[in-house]
Structure formats: structure tokens, C-alpha cells
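Peer 1:
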Amino acid sequence: MKYVILIICLFGISFVFIQGLKKDPTIIPSNLISRKFPEFQVKPLKNYDVLSQKDLQKKEIKIVNFFASWCPPCKVEHPQLIELSKSFNLYGIAKKDKPQQLLTWLEELGNPFKKVGLDNEGMVSIEWGVYGLPETFIVDDSGVIIYKHIGPVMKKDVIEIKSLIKKLK
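In my numbering, the protein residues as written are 50 to 218.
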């Protein structure tokens, strides 16, 4: 009888473990989906227009990207952000970054952002539910977050994002 219980327990643990492996690690539920974006205030970056709440309240679809110059995956996604910025309004929020390093980074790689803001303490990131960098949100024309992408935006993600935005228009 002991062995039957042990086998059943091992089978149950194995089943739960295998189910966990099937999940996509980039999908983390967000309680902000289908809700208005949180109030926020970011600091300006020298020589760049600063992002404000009013920008995200405009009657247009927006992409908001949380990033940092010290973040290697942020550098990987940068060419895709530049591509997206050719078709959509893309806004950037730099999390816990040093202004001079960020300026150099944007000058070297190019600036895909219509406006940028500094989240020096990381509080804006917390309010938006950002777990790591980079993370990207799509905000619809009424200010509601409709999509969250965790990790670097890759070429396949650009296709998905463009398709999603096209459906919204």
C-alpha cells in the first residue's frame, strides 16, 4: 500500500512539473490588461521631449517601452523598436538609468522614441507591473492597456504587434 501511495504522489508531482514546463515564460499575467494605464510622472532627459500622462491620453494607439542602457536585451530589441517607430507612436521610459549613459546609448543606437522619461527610482515601473527589462505595452486610443510583451521585441513580435494594432484601427 505504501508503494501505491508513493507511485501516485510521484506521478502527481511529475504531471504538475511537466505542465509547468509547457508554459511560455514570457507570458506573465498583468492585472493592467483592459484597464487604464496607471498615473505616472517621469523626469526629463536632457535634449529630449519628456513623456507625460497627456501623451498617453491622446486619441491614438501608443506603444510604451520600459528599457535601460545597462540592459543587454534592450539593445537586442532596439532595431525592432526603430522599425515600429516608423509606423507607430513609441514612447520610452528608462528604468533606473544614468542620464549621461542613456544619452550616449540613444545617440549611438538611434532614438526610436517620440518622447522619453526617466524612472530613476523605479516607481513608475512598479505601478505598471514591470518585472524586468525590457517590457512593452500597447495602449489603445482611450488609454486602456491592451497588450503586454515581456522580454525583447524580436522580428516575429513586430509582426504580431503590427497585426494587433491593425485590428484596433
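From the three backbone atoms N, C-alpha and C, an ideal C-beta is built for every residue, glycine too.
DSSP has D168 in a bridge; who is on the other side?
Peer 2: Taking the first residue of the sequence shown as 1, we reach residue 168 at position 119. DSSP, once it has assigned bridges, lists K144 as partnering D168.
Peer 1: Tell me the DSSP secondary structure of E156 in three-state form.
Peer 2: Your numbering for residue 156 matches position 107 in the sequence shown. Helix, per DSSP.
Peer 1: Could you check if D190 is buried or exposed, using at least 16 other CB atoms within 10 Å of its CB as the buried criterion?
Peer 2: On the sequence shown, position 141 is the one that residue 190 refers to. So D190 counts as exposed.
Peer 1: Taking the Cβ atom as the reference point for each residue, do L94 and V165 lie within a distance shorter than 8 Å?
Peer 2: Here the question's residue 94 lines up with position 45 in the sequence shown. Here the question's residue 165 lines up with position 116 in the sequence shown. It is a contact, given that the beta carbons lie within the stated cut-off.
Peer 1: Between which two residues does the alpha helix (DSSP H) harbouring E209 extend?
Peer 2: Numbered from its first residue, the sequence shown carries residue 209 at position 160. That run of the alpha helix (DSSP H) goes K204 to L217.
Peer 1: Specify the secondary structure class of L182 as computed by DSSP and reduced to three states.
Peer 2: For the purposes of this step, residue 182 is taken as residue 133 along the sequence shown, with counting starting at 1. When DSSP states are grouped into helix, strand and coil, L182 belongs to the coil group.
Peer 1: Grouping DSSP H, G and I as helix and E and B as strand, with all else coil, what is I110?
Peer 2: As a first step, residue 110 is located in the sequence shown; it is residue number 61 there, counting from the start. If DSSP states are grouped into helix, strand and coil, I110 belongs with coil.
Peer 1: With DSSP run on the structure shown, which of helix, strand or coil describes K92?
Peer 2: Stepping through the sequence shown from its first residue, residue 92 is reached at position 43. Strand at K92.
Peer 1: Have a look at the DSSP bridge pairing and note the partners of Y196.
Peer 2: Translated into the one-based positions of the sequence shown, residue 196 becomes position 147. Answer by DSSP bridge pairing, in chain order: I187.
Peer 1: With three or more C-beta pairs closer than 8 Å as the rule, is the stretch 114-125 touching the stretch 81-101?
Peer 2: no
Peer 1: Does the distance from the CB of I142 to the CB of V188 come in under 8 Å?
Peer 2: Translated into the one-based positions of the sequence shown, residue 142 becomes position 93. Translated into the one-based positions of the sequence shown, residue 188 becomes position 139. No, the Cβ-Cβ distance between I142 and V188 is not below 8 Å.
Peer 1: Can you tell which of K111, K107 and K144 has the C-alpha that lies nearest to the C-alpha of K135?
Peer 2: Within the sequence shown, the letter at position 86 stands for residue 135. Of the listed residues, the one whose Cα sits closest to K135 is K111.
Peer 1: Under 8 Å, with one C-beta from each stretch per pair, do the stretch 171-184 and the stretch 78-86 reach the 3-pair mark?
Peer 2: Counting Cβ pairs under 8 Å, three or more are found: they touch.
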